[in-house]
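>
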Amino acid sequence: MSTDPSLLLELAPVVEQLTDRHLATSKEWFPHELVPWGRASEAIAEPGWDEGLAPLPAGVRSSLFVNLLTEDNLPYYFNTIDRMFGSDGAWGTWARRWTAEEGRHSIVIRDYLTVTRMVDPVALERARMHQVSHGVVPEPPTVLDGLVYVALQELATRVAHRATGKLLDDRAGYDVMARVAADENLHHLFYRDLVSAALAIDPSSVVEAIERQVTDFEMPGTGIVDFEDHALAIARAGIYDLAIHHEQILVPVVLRHWGVEQLEGLTASAEAARARLVRRIERVGKAGRRMAERWAAQAQPVAVGA
Ligand SMILES: [Fe+2]
Ligand SMILES: [Fe+2]
């Protein structure tokens, strides 16, 4: 991984500004206030769980499972960010604050799931042990790739948490997921605007990083047991799929906010990367629409189950 000390130094004042903006915007909140403790019972500690305890569409249960395990993987995200951006100065201050905020997400989601019994607690704990013991996380090749990845990933996570909360049909669950999604949104805005600042410094290198990251993008969660099956169930439930990735991430952020099509003065290699990037985004949109049409034609009701 290349750390590019001069770029980190040049962006440090922006990191400081954006951290100040973040601190002024974010509000303190307490996981325990969002958990419906009154729904807990002695039976939670007894062995045995079946899906009849909390009927849910399969994709919604998969999404809760994958989203929580992704939050559980925080030590490895911190590790990558710490190595990539460094522990000193404004970058280190931001990374530690971000880590402290992220820690709340697994606390609140796990407590909510334990109390409501929406996910098998034994399967969940075994999957957490597997996930954290292996520590699989994306390793972006450069600082710019890392910034682009987290900008896109925080927004993708916000979209997935929010959509999951809406499908729970439970006010307490809706509030938990909306609260977490609001944090992810502020994290996204931080990184999105940091990428904009990097674009003003070195547009060609940033465009090449965006192209690589859009091409390689995967929802966080690789490394989770049966991830492919869960990802398919999540897509079928309309929580996160290619069409959503295109409409809610790539178009508003890459094309509209970063305005990659309007950038001027790019090197020949960045021009080529931009052309590939724009084609790629179009292809993702088309594939997403085709998939949505195919699923609509099959018109299966979402199955209730595990
Ligand atoms: Fe999070
Ligand atoms: Fe986040």
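Going letter by letter, the sequence shown gives residues 1317 to 1622 in this note's numbering. A virtual CB, placed ideally from N, CA and C, is assigned to each residue, including glycine.
What is the rounded straight-line gap between the Cα of Val-1522 and the Cα of Val-1511?
Rounded to the nearest angstrom, the two C-alpha atoms are 8 Å apart.
> Is any non-hydrogen atom of ligand 2 found closer than 8 Å to the C-beta of His-1421, if you look at the structure I gave you?
Yes, the beta carbon of His-1421 sits closer than 8 Å to at least one heavy atom of ligand 2.
> Closer than 8 Å: is that where the CB of Thr-1473 sits relative to any heavy atom of ligand 2?
Checking every heavy atom of ligand 2 against the Cβ of Thr-1473, one is found closer than 8 Å.
> What is the DSSP secondary structure of Pro-1371, reduced to helix, strand or coil?
Three-state DSSP puts Pro-1371 in coil, outside helix and strand.
> Among Asp-1509, Gly-1575, Ile-1526 and Arg-1590, which one has its Cα closest to the Cα of Arg-1337?
Closest option to Arg-1337, Cα to Cα, is Asp-1509.
> Helix, strand or coil, according to DSSP, for Val-1620 in the structure here?
Any reading at Val-1620 must be qualified, since the residue scores a pLDDT of 46, below 50, and its modelled position is unreliable; no value is offered.
> If we call anything under 9 Å between Cβ atoms a contact, is Ala-1497 one with Val-1466?
No. Outside cutoff.
> Check this for me: beta carbons of Val-1569 and Leu-1468, under 9 Å apart or not?
It is a contact, given that the beta carbons lie within the stated cut-off.
> Which same chain residues end up closer than 7 Å to Tyr-1393 when comparing Cβ atoms and leaving out the 5 residues on each side of it in sequence?
The residues are Val-1453.
> Pull up the distance between the alpha-carbon of Tyr-1428 and that of Gln-1578, whole angstroms please.
Cα-Cα distance, rounded: 45 Å.
> Distance, Cα to Cα, Ala-1642 vs Asp-1557?
Outside the displayed range of the chain (1317 to 1622) lies residue 1642, so it cannot be described from this structure.
> Kindly indicate the opening and closing residues of the alpha helix (DSSP H) around Leu-1440.
First-last of the alpha helix (DSSP H) with Leu-1440: 1437-1450.
> Got a sec? Which residues, its chain only, sit under 6 Å from Pro-1456 by beta carbon, not counting five neighbours each side?
Closer than 6 Å at Cβ, skipping near neighbours: Gly-1462 and Tyr-1465.
> Determine the burial state of Asp-1404: buried for a count of at least 16 other Cβ atoms within 10 Å of its Cβ, exposed for fewer.
Asp-1404 comes out exposed.
> Can you have a look at Gln-1614 and say buried or exposed, based on whether 16 or more other CB atoms are within 10 angstroms of its CB?
It is exposed - the Cβ of Gln-1614 has fewer than 16 other Cβ atoms within 10 Å.
> Evaluate contact between the region 1445-1452 and the region 1376-1395, counting only Cβ atoms and requiring at least three cross-stretch pairs below 8 Å.
At 8 Å Cβ cutoff, the stretches touch.
> On a Cα-Cα basis, can you pick out the residue from Asn-1501, Ile-1540 and Ala-1588 that is closest to Ala-1472?
It is Asn-1501.
> Rounded to the nearest angstrom, what separates Ala-1494 and Leu-1327 at their Cα positions?
The alpha-carbon atoms of Ala-1494 and Leu-1327 are separated by roughly 31 Å.
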